[in-house]
Structures are given as C-alpha cells and as structure tokens.
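A.B. asks: Residue numbers (the working numbering), protein chains in the order written: chain A, 2 to 446; chain B, 5 to 347.
Built from N, CA and C at the ideal position, the CB exists for glycine as well.
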C-alpha cells in the first residue's frame, strides 16, 4: 500500500493547477488547435448554423437553414453551383474550403439571446464549429457576436437590422452582410417625399426593444430632414398582439402618416389592425392617410396578406431582382425547394460563401486571417450589386431596395414590387456615428 | 371625451375575448375543480378551425396559364377552387369569403369533441391530484397542442380576413356629433362584441333555464348531495367541459379577422384570462364576465399616449396592478362568494 505524502505546499500547487484547468474554457483547452480555436483537420471543416428552429421566427429560421444547406452543397461541388458561378471572386472552386469538405451542425436560437448563446457555445465547444452564422434578431446577433469574440471564432450575422450590431456593439470577429436601420431610413425618405410630399405629419408606433428604437430614430431623422414633422412616437410592448388601442387614436392625432416600426408578428398584427381601423382609406389634413413599414420581409407580407397592398418599406434583397446573381440563386433555391428564397435565406447563403471565399483567399482558417481578408473586401455577383465589407465596422455597403406591397399579386410569392434600388452611396454613413469599438481580432488559442 | 369613448369601445372587444375565455375557464373550474392551463390552447384551436375550413373551402386544382410565368420563368399554375366549378365563380368566391362566420358551425362539434376527449382521455385522471399536478399536465398539453399546430400550419401568422361586407370601420364619432374620424371602430369588432354578448347570454340562459343547467349548478354548489340523489353528475360535468371548450373555440373563431392566428395565440391570452378569473371571483361566472370587460377597458386606457407619457410602462402592468388592488380590497374578487373554492 503506497503512502500519500501530502504537504501544504504540494496541496496548494495541485489545487491551483486543477483550478486553472477547470477555469479554462473547453474551446481553449481543446486538443488539436494550431494557434486558433477549432482548427480543422485535413479532411473536413465544420460550420455552425444558429437559426430559430422554434418560436415565432421558426419559419424564417427554416428558410435560413435551407439556404445554408444549399450553400454547403454548392461549396462541396454539388447542385448547379449557385452563386459560385456569378461571384466576382473566383477563389472557390467547389472542392470545399481549402480542400476540406464542408460539414455543418445546427443550433436553435429560439430567438432568445441566452438560448442562442448556449447553442452557439455548444457548437463551438462540442462540435468544433469554426464559424457561426444565422439568426433572425438583433438581440440574438449582438449576444452571439460577443460570444464568438470571446471564443475566437468568426461570426457571420444572419438577419439583424439594428444599427447596434455593427455600431455600438460591433466586434472584430463579427461581420454583417444585412443592411441596417440607418440605411432603411436613408433609402426610404426620398421615396416617401416623392410619393407623399414633404409636408407630412408622422405618428410612430415602435416596438419596445433595441431594434425598434434604432429604426424609429433612423426613420425620424431621415424624414424630418426632408420636412416631415413627427407628431408622436409611442412604444408598444413586444408581446402585444392586438394594437387597436394604440392605433385608434392615430387618425385623430393630427398625423397623416403612420410609421410601423414593427417586425414579424408585431408588424403583421399592427398593420392588420391599422387597415381594419380604416387608415388606408382615410383622409387627414386634406391628404390620403398613408402607412409605412420600414423593414419588410416576404414572409411577413404573406402573414399580413392583402393589407400590404400599396405600402412602402425597405428590404435587403428580393428574389425578383433581375441581376444574374439573384436570378441564379432564386433558380437554385426554387428548383430545390419549390418556392423562392426570402431575404433572410439570401443573406445567410451569401455570408457562408463570403466566409469560405475569405478563408480561401487568406489561405488559412485562422479567424484573424479571415477577418483581414473580409475587411475592405469589394465584391459583386451576389445579388446586391457592387458591395464593400467596410473595414472600420464590418458592415456591408450595397444598394438598398425600396419596395411596395403589390396591389394585384400574381401568386403567393409575388407580394412585393421593387420601387427603387437606392445606390450604396446614398445609404453610406460615417463609421463613427454609432460609437462602439471593434477591438482586436481574437483567434482564441 | 372622444378619446374616452374610443378607448371604452376598444376595451369592449378586448374584454369580450377575455370574458369568453374566462367564462370557459370558470365553468371548468367551477364544475370539475380543475385549473385548466390548456384553455388558451382551446381558443387557439378554435381559430385554427377557421383556418382549416378556409383551406378546405379553397381546395383547388391547378390550371396552367400560358400567358404568365412563375418565379422560375415556367408557365404559371393558377389555383382554381373546386367551389368555382361547382357553384360558379361568384357564388364560390362568396362562400370562401364567408369562411369565418361559417366556421362557427364547423367548429362547435369539433371543439365539443376535443373538450370531451381532453377531459375523458387525460384530465379526469388528475381530479384527485393536487392543483399543481393539474396545472403541470394541462400546461404540458397546451404546449403539445401548439407544437402540433405549428408542425402542420407553420409558425407564421395566417391571414383570415372578415367577409368583404364587414371590412372597414364605422365613424361612430360622426354619428353622435363629434368630428369625423374622432371615433372610428371597425365593423368586425362590433360584430365580435355582439357575438360575445350573445354567446355569454346563451351560456347563462342554458345554465339558468334548462334542467341540465339546473343540475350542473346544483352540482357546482354541492356535488356530493347531487350524486346522492342518483344523478350522474360526472357525465354532465364532462359535457360542460365540452361546452366550455366550444365557448373558447368560438371566441377564437371570431377573433381570427382581428388578429391573424398563429400557434402561440392561446398562450398570449392564457395568463390574462387567469387574472380575469381571479379578479372576477373564483367560480363566479358573472364575475368572470364583469372582470373580463373591466380589465379589457383598463388595458385600453393604459395604452393611451397621454397615460404612457405620464406613467411609462403602465400599459404592460396595468392589469396586474388592478388585480393586486382588487384582491387587496376584495380578497374573493369582484363577485366571489364566501365558501366557494375555499378549502
């Protein structure tokens, strides 16, 4: 029987070593790294797709997942190649990423920041994901982006429209292709002025959370600069379903435009209620009463049905765009799934290709090399015209679409018509106006 | 003044929905003593009866229109409802347009059957279990039901408009001497209010003026004595569960044009409905109806811009504040009676 010689000094040393070991996050202690988190082996690389699979945005999440699957198929040389054929960069050749077959794991954000962080963490720590992408909410995007920064992986944001994602909450490891509230306001304002005039009084109903605030601010600033007056701005609870008590006073408030800073179910319900209360047919201040929805999505338009007819809004992308990239993607997606892709699907597909391309151009999976390849990268052929991934805030700058609900849609997908493609220059802003600090890239290990 | 009338009107339709759901909850609690957390799901199932009937009426066959193309550039396949073939386009379109009112007839037998199946198949096994167990099992059932609906109908809302004849709003203000547009109120909400009143009156009349109702009321007051008289009260209570399910379902059916249905809509109403039941007085049917309208109107007033500016966030908590105040001053709720539901 051996004798255990335990000294006070030995016990302290052992305790300190054990404590340090336990405190070390598993993604830093994982075996096989090569100077950065989750360095892939020679045969395959794993990407993590974190989308809402349950909860109110589950349909949008399902569409994102379809786009991710399609992107992986194209990266691995399957299908018709999709936008690999139209992408201006030719670094991708359908043999995976740097010769490694692309595999993926999925997580469920539930559109809750804590759940999204937990699923992202699991994909990084347990599945070895080297990049996280997806999501349908700015709250989720900001939370997961911060996690990816700590973990040392790249975050390619999905659908997130708040200024904060690449504004005050921007991170060196995070990148956003989707447009933002500021761009919506800047693109919409001139169209609204042309169609409704500069002497208008607006009443804002705003979802009571981060995205609602930034969108209201952006639209107010842009429209007030044109001469519009803001009569009132009322916050509405995120859980609200019946907006009648918020909408009923609008017509008698002196306003002649209602701006609905709502997304998802909020937008569907508030717009439906507004139409029920006769706002679309009403007159105020001697003008036709108008409704504006700053951020549109086809899935939302479908939920609101014929109520969207004639209502202006903005969107990141639409399947009816005539450029070669958009048509190619719509054909690939439509042939595989039987319906056209949503803007959420488009941005997720593009983000996956952009990540893979950046790795290929950098010749490394090291997140800092990838970030460097993405910063200042100019590309075309992915559906939004010439685009810049700005180095200062990791925000893409590209054309923004102003759309209008179709009066007489041909079919269930034909709900929005493109009114104008606002040039990127018109929606570009100084990177410093929203504050925040990118910090420095974190490779993890 | 016009704003006050406007918010009272708004509160009435919201209160109608609260009252109908709370009425069903109270019926179940009063008869079977079960705290039914799946009651919101019954409201949601009613709404999806409308969606189902609407889809059944719109069942179509495809006709290829060579003059137009779909999103892939292929000739467009146009859906032509079978009803157009059977009744002609005008009549067929009119039947589809009236899907929501027609769903009343469609949903009543379905909801009664669902209610009876729920009670016989699951809930009866929990009568002698603590209330906490009943809450857990019915809440679990609600989650299962909403996930089933999500699986078949998706997570997005499904537009179910009112018939064309009820689209638009009534200028109530102009009718009573105010400025035009001062008080506008959608036609369908007026319909909903009167429908709710009729339904509530019908339930009360059923309980008050029929032999069946008399026995049920007797059973609610003293179950054991009624059983000693040789009456199978359990069977009658099961039927009452079915009726309560139908009341919640009908509330959901007629609510679909107001808020497009989605799988989660039952949960949105559930918590507030329980507050309504408690505020009204546990087991009190008139109390549930009164509290439904009172809290609906209070919620509307709290959503006024002037009130929110004065008390930010009040719109989100007003119902619960009112509940606290009422329960502090009247611990049995507005119309609760001593000895009812008090062990």
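So, with DSSP's three-state summary, where would you put residue 417 of chain A?
C.D. replies: Locating residue 417 of chain A in the first chain gives position 416, counting from the first residue. Strand, per DSSP.
A.B. asks: I want to verify the contact list: residues of chain A whose CB lies under 9 Å from the CB of residue 236 of chain B, in sequence order.
C.D. replies: Counting from one through the second chain, the residue named residue 236 of chain B turns up at place 232. Neighbours of residue 236 of chain B on chain A: none; closest Cβ ~41 Å, over 9 Å.
A.B. asks: What runs of the alpha helix (DSSP H), each 4 residues or longer, lie entirely inside the stretch 281–341 of chain A?
C.D. replies: If we require 4 residues or more, the alpha helix (DSSP H) runs fully inside the stretch 281–341 of chain A come out as 299–305, 325–338.
A.B. asks: On the DSSP bridge list, what partners appear for residue 5 of chain B?
C.D. replies: Looking up residue 5 of chain B in the second chain gives position 1. DSSP output for residue 5 of chain B lists no bridge partner at all.
A.B. asks: With a cut-off of 8 Å, do at least 3 Cβ pairs link the stretch 411–430 of chain A to the stretch 292–308 of chain A?
C.D. replies: Result yes; three or more Cβ-Cβ pairs closer than 8 Å.
A.B. asks: At what residues does the alpha helix (DSSP H) containing residue 188 of chain B begin and finish?
C.D. replies: The sequence position of residue 188 of chain B within the second chain is 184, counting from 1. Here residue 188 of chain B belongs to no alpha helix (DSSP H); instead the beta strand (DSSP E) covers 188–190.
A.B. asks: Buried or exposed for residue 260 of chain B, please, with buried defined as at least 16 other CB atoms from any protein chain shown within 10 angstroms of its CB.
C.D. replies: Start at 1 with the first residue of the second chain, and residue 260 of chain B comes out as number 256. By the 10 Å Cβ count, residue 260 of chain B comes out buried.
A.B. asks: Can you tell me the Cα-Cα spacing of residue 1 of chain A and residue 101 of chain A, whole angstroms?
C.D. replies: No answer is possible for residue 1 of chain A: the residues shown for chain A start at 2 and end at 446.
A.B. asks: Distance cutoff 8 Å, beta carbons only. Does residue 75 of chain B sit that close to anything in chain A?
C.D. replies: As a working note, residue 75 of chain B is residue 71 in the second chain. Yes, residue 75 of chain B counts as interfacial toward chain A.
A.B. asks: Is there contact here, the stretch 129–149 of chain B with the stretch 191–206 of chain B, by at least three beta-carbon pairs under 8 Å?
C.D. replies: Flag = no, the stretch 129–149 of chain B and the stretch 191–206 of chain B do not touch.
A.B. asks: Taking Cβ-Cβ distances shorter than 9 Å, what residues in chain A pair up with residue 304 of chain B?
C.D. replies: Counting from one through the second chain, the residue named residue 304 of chain B turns up at place 300. Those are 245, 246, 249, listed as they occur along chain A.
A.B. asks: Using a C-beta to C-beta distance shorter than 9 Å, which residues of chain B count as neighbours of residue 60 of chain A?
C.D. replies: Residue numbering aside, residue 60 of chain A sits at position 59 when the first chain is read from its first letter. In chain order: 158, 159, 160.
A.B. asks: Three Cβ pairs or more, each shorter than 8 Å: is that satisfied between the stretch 6–20 of chain B and the stretch 248–257 of chain A?
C.D. replies: The stretch 6–20 of chain B is in contact with the stretch 248–257 of chain A.
A.B. asks: Rounded to a whole number of angstroms, what is the C-alpha to C-alpha distance between residue 23 of chain B and residue 289 of chain B?
C.D. replies: The count along the second chain starts at 1 and reaches residue 23 of chain B at position 19. The count along the second chain starts at 1 and reaches residue 289 of chain B at position 285. If you take the alpha carbons of residue 23 of chain B and residue 289 of chain B, they lie about 9 Å apart.
A.B. asks: Given this structure, state the Cα-to-Cα distance separating residue 53 of chain B from residue 96 of chain B, to the nearest angstrom.
C.D. replies: As a first step, residue 53 of chain B is located in the second chain; it is residue number 49 there, counting from the start. As a first step, residue 96 of chain B is located in the second chain; it is residue number 92 there, counting from the start. Approximately 20 Å between the Cα atoms of the pair.
A.B. asks: Excluding five sequence neighbours on each side, which residues of the same chain lie with their C-beta closer than 7 Å to the C-beta of residue 108 of chain B?
C.D. replies: Residue numbering aside, residue 108 of chain B sits at position 104 when the second chain is read from its first letter. These residues qualify, in order along the chain: 254, 257.
A.B. asks: Do three or more CB pairs link the stretch 157–175 of chain A to the stretch 286–294 of chain A at distances below 8 Å?
C.D. replies: Counting Cβ pairs under 8 Å, fewer than three are found: no touch.
A.B. asks: Where does residue 226 of chain B sit, in a helix, a strand or coil, going by DSSP?
C.D. replies: Locating residue 226 of chain B in the second chain gives position 222, where the first residue counts as 1. In the structure shown, residue 226 of chain B sits in coil (DSSP, three-state: anything other than H, G, I, E or B).
A.B. asks: From the DSSP secondary-structure annotation, give me the bridge partner or partners of residue 205 of chain A.
C.D. replies: For the purposes of this step, residue 205 of chain A is identified with residue 204 of the first chain, where counting begins at 1. A/234, A/260.
A.B. asks: What are the residues that DSSP puts in a beta bridge with residue 388 of chain A?
C.D. replies: Looking up residue 388 of chain A in the first chain gives position 387. Paired residue(s): A/380.
A.B. asks: How many Å lie between residue 45 of chain A and residue 363 of chain A at the Cα?
C.D. replies: Against the first chain, residue 45 of chain A aligns to sequence position 44. Against the first chain, residue 363 of chain A aligns to sequence position 362. Cα to Cα, residue 45 of chain A sits roughly 18 Å from residue 363 of chain A.
A.B. asks: Given a threshold of 16 other Cβ atoms within 10 Å of its Cβ, counted over all protein chains shown, does residue 212 of chain B qualify as buried or as exposed?
C.D. replies: Here residue 212 of chain B refers to the residue found at position 208 when the second chain is read from its first residue. Residue 212 of chain B is exposed by the Cβ-count criterion.
A.B. asks: Tell me, please, whether the stretch 260–272 of chain A touches the stretch 235–242 of chain A by the rule of three or more beta-carbon pairs shorter than 8 Å.
C.D. replies: Yes, the stretch 260–272 of chain A is in contact with the stretch 235–242 of chain A.
A.B. asks: Cβ of residue 207 of chain A within 8 Å of Cβ of residue 213 of chain A?
C.D. replies: Translated into the one-based positions of the first chain, residue 207 of chain A becomes position 206. Translated into the one-based positions of the first chain, residue 213 of chain A becomes position 212. A contact, by the Cβ cut-off of 8 Å.
A.B. asks: Run through chain B and tell me which residues come within less than 7 Å of residue 411 of chain A, C-beta to C-beta.
C.D. replies: Within the first chain, numbered from 1, the residue matching residue 411 of chain A stands at position 410. The answer, in chain order, is 72, 80.
A.B. asks: Under 8 Å between the Cβ atoms of residue 283 of chain B and residue 327 of chain B?
C.D. replies: The count along the second chain starts at 1 and reaches residue 283 of chain B at position 279. The count along the second chain starts at 1 and reaches residue 327 of chain B at position 323. A contact, by the Cβ cut-off of 8 Å.
A.B. asks: I'd like to confirm the pairing. Which residues does DSSP put opposite residue 50 of chain A in its beta bridges?
C.D. replies: For this step, residue 50 of chain A is matched to residue 49 along the first chain. In DSSP, residue 50 of chain A forms a bridge with A/107, A/134.
A.B. asks: Return the chain-ordered list of same chain residues with a C-beta closer than 8 Å to the C-beta of residue 328 of chain A, the five sequence neighbours on each side being excluded.
C.D. replies: Residue mapping note: residue 328 of chain A aligns to position 327 of the first chain, counting from 1. Result list for residue 328 of chain A: 322, in chain order.
A.B. asks: Kindly identify the DSSP beta-bridge partner or partners of residue 175 of chain B.
C.D. replies: Residue numbering aside, residue 175 of chain B sits at position 171 when the second chain is read from its first letter. Partner(s): B/188.
A.B. asks: Please say whether residue 43 of chain B and residue 28 of chain B have beta carbons closer to each other than 8 Å?
C.D. replies: Here residue 28 of chain B refers to the residue found at position 24 of the second chain. Here residue 43 of chain B refers to the residue found at position 39 of the second chain. It is a contact, given that the beta carbons lie within the stated cut-off.
A.B. asks: Using a C-beta to C-beta distance shorter than 9 Å, which residues of chain B count as neighbours of residue 444 of chain A?
C.D. replies: In the first chain, residue 444 of chain A corresponds to position 443, counting from 1. Near residue 444 of chain A there are no residues of chain B at all, since even the closest Cβ is about 37 Å away, more than 9 Å.
A.B. asks: Any idea what DSSP makes of residue 423 of chain A, helix, strand or coil?
C.D. replies: Numbered from its first residue, the first chain carries residue 423 of chain A at position 422. Residue 423 of chain A: strand per DSSP, three-state reduction.
A.B. asks: Beta-carbon within less than 7 Å of residue 318 of chain B's beta-carbon, same chain only, minus the 5 sequence neighbours each way: which residues are those?
C.D. replies: As a working note, residue 318 of chain B is residue 314 in the second chain. These residues qualify, in order along the chain: 306, 311, 312.
A.B. asks: Give a yes or no on whether the minimum CB-CB distance between residue 18 of chain B and chain A is below 8 Å.
C.D. replies: Locating residue 18 of chain B in the second chain gives position 14, where the first residue counts as 1. Yes, residue 18 of chain B counts as interfacial toward chain A.
A.B. asks: To be precise: take each residue of the stretch 264–281 of chain A, compare its Cβ to all Cβ atoms of chain B, and keep it if any distance is under 7 Å. Which residues remain?
C.D. replies: Cβ contacts with chain B: 266, 269, 270, 273, 277, 278, 279.
A.B. asks: With a CB to CB cut of under 7 Å and the five nearest residues on each side skipped, what residues in its chain are close to residue 291 of chain B?
C.D. replies: For this step, residue 291 of chain B is matched to residue 287 along the second chain. If we look at residue 291 of chain B and ignore the five residues flanking it on each side, its Cβ neighbours are 284, 285, 337, 338, 339, 340.
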